[in-house]
Structures are given as structure tokens and as C-alpha cells.
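Peer 1: Please read through the structure below; I'll follow up with questions.
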Amino acid sequence: MIDTNPIPTKESELELELIRATNPKVIKQVWLNNRTHFAKEMPVDVWLEKAALRTSLDLGPGIEHKTWILVPKGKGDDPSAILSAVHTYERPGFMSTATIAPGTDIRYGGLEKGSVGKTTRPDVEIMDVVIVYILLVFTPVEHRKQGYATKMLKMLRNQLELQTNPTVSASFLYSSVGPTFYEASGWSAVRSRELVMDVPGHAFPDLPPGSGARRYQLEDITDVNLQQVMDKDIELLRLDMKTKTQSALANQQYVAFLPEARIFQGQRAIASFTNQRVSHLSKPISRIGVRLVCDEKFKNEQPFIIWTYLVPHKLLLILRTRYVTVQQLQILLKEAMKEACEWDMTTMSLWDLNEEDALQAAGAPNRDRTVAWSCLGQFGGTMQPNIELLLNEAYIWGL
Numbered sequence: 001m002i003d004t005n006p007i008p009t010k011e012s013e014l015e016l017e018l019i020r021a022t023n024p025k026v027i028k029q030v031w032l033n034n035r036t037h038f039a040k041e042m043p044v045d046v047w048l049e050k051a052a053l054r055t056s057l058d059l060g061p062g063i064e065h066k067t068w069i070l071v072p073k074g075k076g077d078d079p080s081a082i083l084s085a086v087h088t089y090e091r092p093g094f095m096s097t098a099t100i101a102p103g104t105d106i107r108y109g110g111l112e113k114g115s116v117g118k119t120t121r122p123d124v125e126i127m128d129v130v131i132v133y134i135l136l137v138f139t140p141v142e143h144r145k146q147g148y149a150t151k152m153l154k155m156l157r158n159q160l161e162l163q164t165n166p167t168v169s170a171s172f173l174y175s176s177v178g179p180t181f182y183e184a185s186g187w188s189a190v191r192s193r194e195l196v197m198d199v200p201g202h203a204f205p206d207l208p209p210g211s212g213a214r215r216y217q218l219e220d221i222t223d224v225n226l227q228q229v230m231d232k233d234i235e236l237l238r239l240d241m242k243t244k245t246q247s248a249l250a251n252q253q254y255v256a257f258l259p260e261a262r263i264f265q266g267q268r269a270i271a272s273f274t275n276q277r278v279s280h281l282s283k284p285i286s287r288i289g290v291r292l293v294c295d296e297k298f299k300n301e302q303p304f305i306i307w308t309y310l311v312p313h314k315l316l317l318i319l320r321t322r323y324v325t326v327q328q329l330q331i332l333l334k335e336a337m338k339e340a341c342e343w344d345m346t347t348m349s350l351w352d353l354n355e356e357d358a359l360q361a362a363g364a365p366n367r368d369r370t371v372a373w374s375c376l377g378q379f380g381g382t383m384q385p386n387i388e389l390l391l392n393e394a395y396i397w398g399l
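Just so it is clear: in the sequence shown, position 223 is 223 by UniProt numbering, and no numbers are missing.
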């Protein structure tokens with residue numbers, strides 16, 4: 001059959017629309033398009049199985065994976081009409097706001113030594129917010145250099161800005177094409193650092209005196225205790241954010257993704273699938289991290305580390321860690337290094353680690369990430385111009 005309504009070839013002739021794809025054939029074509037860039041060496045059937053797994057993961061009540069396509073108007077059910085596409089899903093987060101009484105001194109970041117004056121600490125509210133995670137932005141080769149991806153993202157941004165059920169406070173994406181590529185569409189790059197260690201062969205330094213030496217028991221993190229670990233982590237994150245906001249400059253605001261247990265369960269499911277179907281490993285994942293069990297006096301410290309296995313890249317990627325002392329951090333890193341060796345990895349990576357702690361605990365400096373730059377977008381009137389992403393760690397990475 002001849003198409004009596006062909007797609008115009010010039011951008012100026014196109015009337016475009018962004019729609020959420022619901023047609024199974026269109027969604028399948030989006031994933032096939034994604035494969036040509038993100039997994040071209042993976043067999044088609046395996047890639048589509050992995051896509052089905054990703055879209056079926058438990059993201060929380062009422063939350064689902066969404067596929068958006070930019071198409072000529074009226075062509076939403078035509079797989080061949082896709083000009084650009086993107087995936088999204090909503091994730092819960094915290095956002096801090098600080099308020100003070102009118103007319104008071106707002107220099108509450110602290111006074112310089114020797115200065116005279118009085119500061120007022122603000123009342124800090126930690127709000128539960130929705131953050132939209134944006135992933136797999138892709139334009140087919142034949143439609144590139146037409147501005148379609150930029151147009152699509154601007155339309156998506158407008159869509160999210162108007163969304164009310166639920167209201168979206170922020171959005172986030174990773175850029176693999178440079179830290180400034182998405183600025184024109186409204187997403188600003190966040191400086192992203194990582195600690196990279198060779199496996200095996202990395203030599204951990206002796207800790208300096210006064211590093212908080214104590215005895216700990218190691219306990220594997222599994223399905224049995226993961227929920228308990230993450231519930232405590234979220235509780236402590238709320239306190240951390242409040243303290244950090246109180247100590248910051250007057251217009252500073254913070255936002256963070258909640259490190260929910262289901263995110264780590266999803267990462268493990270994807271890693272297990274990749275190990276079995278791509279790397280053809282039968283070895284099961286028996287643990288996804290460890291925590292340090294402290295005595296009663298220090299039980300609120302909750303030090304732990306959680307990782308995932310990127311076997312095709314021979315990389316153990318640390319998803320999330322919490323510690324108080326560099327001794328705790330070094331113990332956790334050494335245990336992760338043992339796991340990396342057991343799985344025959346060549347590299348271990350940890351994102352967003354404190355610079356001084358990296359040097360003391362690992363004996364190596366952080367470096368700027370050269371791929372996967374974190375980019376943050378702001379919505380509505382709830383955010384201040386000076387906003388910072390807390391926990392720019394790999395657990396944010398999309399499922």
C-alpha cells in the first residue's frame with residue numbers, strides 16, 4: 001500500500017508532536033533504535049528481553065517506565081515515523097528549603113574568624129518531592145543534525161512543568177555527549193568525580209593516627225536485610241540534608257534521590273540477567289554489599305557499601321556508600337575489592353567520594369568522570385537558583 005501521507009523531508013514542513021508511546025510496535029521500534037547505539041553487539045532477542053525486564057521492574061506504587069516519541073503530527077502509531085525518542089520514570093526524592101524571619105541577618109553560613117556579628121540559622125524543611133529520571137535519549141542516524149532531540153527535550157520539559165499528578169520538582173539525566181550538550185534544553189551539568197582503583201594490585205595506605213579505629217563485624221547485605229539498611233540510610237539522609245542546609249549560604253538548596261531498596265534490587269536483577277544472557281556466567285549473585293555492625297554506642301552510624309557487577313566491562317561499580325570515619329571507608333573498600341577480585345574484575349569505581357577521604361582511605365585521588373556527566377533540571381518555583389545535588393552516586397543510574 002502506498003502511503004498517501006508521507007513524512008515531509010524538511011524540518012520547516014513538519015508539524016511535530018511529543019506523545020507517550022503506547023503502541024507495542026512503536027515501543028519495540030524505540031528499543032531497537034536504542035540498541036544500535038547503546039548495545040549494538042548484543043543479540044536483538046537478548047536486548048529485547050532486557051528491555052522487557054527493565055520496563056517490568058517494581059519502581060514503586062503508581063510509578064512506571066514511560067516511552068516518549070517525537071513524530072510528525074498524527075504519526076504516533078507509525079514505527080517508521082520516529083524522529084527521536086526518550087524514556088522516563090519518576091523517582092522519589094528529598095528537597096531542602098530554608099526560611100528565616102523577615103529582617104534578620106541571613107548570613108547563616110558562619111562568620112569569618114575574628115569578625116563581629118550575629119548569624120541566624122534558618123528553619124529548614126525537608127520536602128518529599130518527585131524527580132523525573134530521563135534516559136536513553138536517541139535520534140536515529142537518518143534524522144540527526146535536524147535539532148530533533150533538542151526540540152523533543154524542550155517539549156518534554158514543558159510537559160513535566162505542567163504535570164500535576166504528581167507535580168515534578170526536578171529532573172535528571174546523564175549526558176554521554178559532553179557536559180554542556182543539554183544546557184540549551186534546560187539541564188545543567190553537575191561536577192561528577194570518581195575514584196578508580198585497579199583490581200587487583202591496588203595498595204591501600206596505612207591510616208594516619210586518630211582515624212577512628214574500632215572493631216566491627218562484617219555482615220553481607222542481601223534480600224534479608226536490604227530494606228532495613230536502606231530505611232536507616234534514608235532516615236539519616238534526611239538529617240544530613242537538614243544539617244547541610246542549615247550550615248550553607250543563605251540561598252543554597254539541596255536535592256537528592258532516595259536510595260530505595262527497590263532500586264538496588266532492580267540493579268541486581270539487571271546484573272544477573274546480563275551475567276547469564278550476555279556473559280554466559282552461571283555464578284549467582286549472593287550478596288550486593290556489606291555493612292559494618294557497630295556496638296550499641298555507634299549503632300546510628302550505619303556504615304555500608306553496595307555495589308553492582310558490570311561483567312562485560314570487568315568493572316565493580318559502587319552504587320552507594322555511607323560511612324563516618326576513614327577507617328570505616330577503608331574497611332568497606334577493601335571488602336569491595338575482595339568481591340571485585342572474586343569476580344575477576346579489573347577495575348573498581350566509586351562516585352562522588354569526598355576528596356580528602358579518597359586520598360586517606362584509598363591512597364588515590366578522585367578524577368573527573370569523562371562519560372556519564374550528571375545533569376540536573378529544575379521546575380516550578382520551589383527551587384533556588386543555587387541548588388546542589390547531594391549523593392551524586394551511581395545508585396542514581398537508570399534501570
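Quick reminder that beta carbons are idealized off the backbone N, C-alpha and C, glycines included. In this text, all values refer to a predicted model and were calculated from it rather than measured experimentally.
So, are the CB atoms of A85 and T67 less than 8 Å apart?
Peer 2: It is a contact, given that the beta carbons lie within the stated cut-off.
Peer 1: Alpha carbons only, please: which of H202, S272 and N386 is nearest the one belonging to L333?
Peer 2: Out of H202, S272 and N386, H202 has the C-alpha closest to the C-alpha of L333.
Peer 1: Measuring alpha carbon to alpha carbon, tell me which residue in T97, V290 and R54 is nearest M241.
Peer 2: It is T97.
Peer 1: What residue from A256, F257, R35 and Y216 has the CA that sits closest to residue 482's CA?
Peer 2: This structure gives no information on residue 482, because the portion of the chain shown stretches from 1 to 399.
Peer 1: Three or more C-beta pairs under 8 Å: does that hold for the region 313-332 against the region 348-361?
Peer 2: These segments touch.
Peer 1: Just how far apart, CA to CA, sit E393 and M127?
Peer 2: Cα to Cα, E393 sits roughly 21 Å from M127.
Peer 1: Taking all protein chains shown into account, do 16 or more other C-beta atoms lie within 10 angstroms of the C-beta of G110, making it buried, or fewer, making it exposed?
Peer 2: Caution applies to G110, whose pLDDT of 45 falls short of 50 and renders its modelled position unreliable; the value that the coordinates give is listed next. That one is exposed.
Peer 1: Should K75 be labelled buried (16 or more other beta-carbon atoms within 10 Å of its own) or exposed?
Peer 2: So K75 counts as buried.
Peer 1: Evaluate D233 with the Cβ neighbour count: other Cβ atoms within 10 Å of its Cβ, from every protein chain shown; 16 or more gives buried, anything less gives exposed.
Peer 2: Looking at its Cβ environment, which holds 16 or more other Cβ atoms inside 10 Å, D233 is buried.
Peer 1: Per DSSP, what kind of secondary structure is S272 in: helix, strand or coil?
Peer 2: S272: helix per DSSP, three-state reduction.
Peer 1: Is M42 helix, strand or coil by DSSP?
Peer 2: Coil.
Peer 1: Could you work out which residue in E161, V255 and S192 is closest to M95 when comparing CA atoms only?
Peer 2: Taking only the C-alpha atoms, the option nearest M95 is V255.
Peer 1: Counting only the same chain and skipping the five closest in sequence on each side, list residues whose C-beta sits under 8 Å from that of I285.
Peer 2: So the qualifying residues of the chain are R268, A271, S272, N275 and Y309.
Peer 1: What are the start and end residues of the beta strand (DSSP E) that includes I234?
Peer 2: Looking at the DSSP string, I234 is not in any beta strand (DSSP E); the run it does join, the alpha helix (DSSP H), is L226 to Q246.
Peer 1: Distance, Cα to Cα, M383 vs Y174?
Peer 2: Low confidence applies here, because M383 scores a pLDDT of 43, under 50, leaving its location unreliable; read the following figure in that light. Rounded to the nearest angstrom, the two C-alpha atoms are 21 Å apart.
Peer 1: Distance check for E183 and N386, CA to CA, integer angstroms please.
Peer 2: Spanning the two alpha carbons is a distance of roughly 16 Å.
Peer 1: Would you check if there are 3 or more beta carbon pairs closer than 8 Å linking the region 321-341 to the region 185-201?
Peer 2: Contact between the region 321-341 and the region 185-201 is present, because at least three Cβ pairs lie under 8 Å.
Peer 1: Under a three-way DSSP split, which group does Q217 fall into?
Peer 2: If DSSP states are grouped into helix, strand and coil, Q217 belongs with the strands.
Peer 1: V130 to S279, Cα distance in whole Å?
Peer 2: Going from the Cα of V130 to the Cα of S279 covers about 35 Å.
Peer 1: By Cβ distance below 7 Å, which residues in the same chain neighbour L160 in space, the five residues on each side in sequence not counted?
Peer 2: The residues are V132, V168, S171 and F379.
Peer 1: Just confirm the distance between the C-beta atoms of R262 and L53, as a whole number of angstroms; I'd bet it's less than 8 Å.
Peer 2: That belief does not hold up - the Cβ atoms of R262 and L53 are roughly 14 Å apart, past 8 Å.
Peer 1: Could you tell me the distance, in whole angstroms, from the CA atom of R91 to the CA atom of Y216?
Peer 2: Near 34 Å, if we compare the C-alpha coordinates of Y216 and R91.
Peer 1: Give me the residue from L83, F304 and I63 with the minimum Cα distance to M230.
Peer 2: Measuring from the Cα of M230, the nearest candidate turns out to be F304.
Peer 1: Drop a sphere of 10 angstroms on the beta-carbon of G103, count the other beta-carbons inside from all chains shown, and report buried for 16 or more, exposed for fewer.
Peer 2: With a pLDDT of 44 at G103, under the threshold of 50, the modelled position of this residue cannot be trusted, and the question is left open.
Peer 1: Is H313 buried or exposed, if buried means 16 or more other CB atoms sit within 10 Å of its CB?
Peer 2: Exposed is the call here.
Peer 1: Using beta-carbon positions only, say whether V190 and C375 come within less than 8 Å of one another.
Peer 2: Contact: yes.
Peer 1: Under 8 Å between the Cβ atoms of V71 and L57?
Peer 2: It is not a contact, given that the beta carbons lie outside the stated cut-off.
Peer 1: Only counting the same chain, and skipping five residues up and downstream in sequence, which positions put a Cβ closer than 6 Å to that of L218?
Peer 2: The answer, listed in chain order, is V290.
Peer 1: Suppose contacts are defined by Cβ-Cβ distances below 8 Å. Is E388 in contact with Q302 by that definition?
Peer 2: Against a cut-off of 8 Å, the Cβ pair of Q302 and E388 comes out as no contact.
Peer 1: Residues in the same chain with beta-carbon distance under 7 Å from residue 419, minus the five sequence neighbours each way, listed in chain order, please.
Peer 2: Only positions 1 to 399 of the chain appear in this structure, which leaves residue 419 out of reach.
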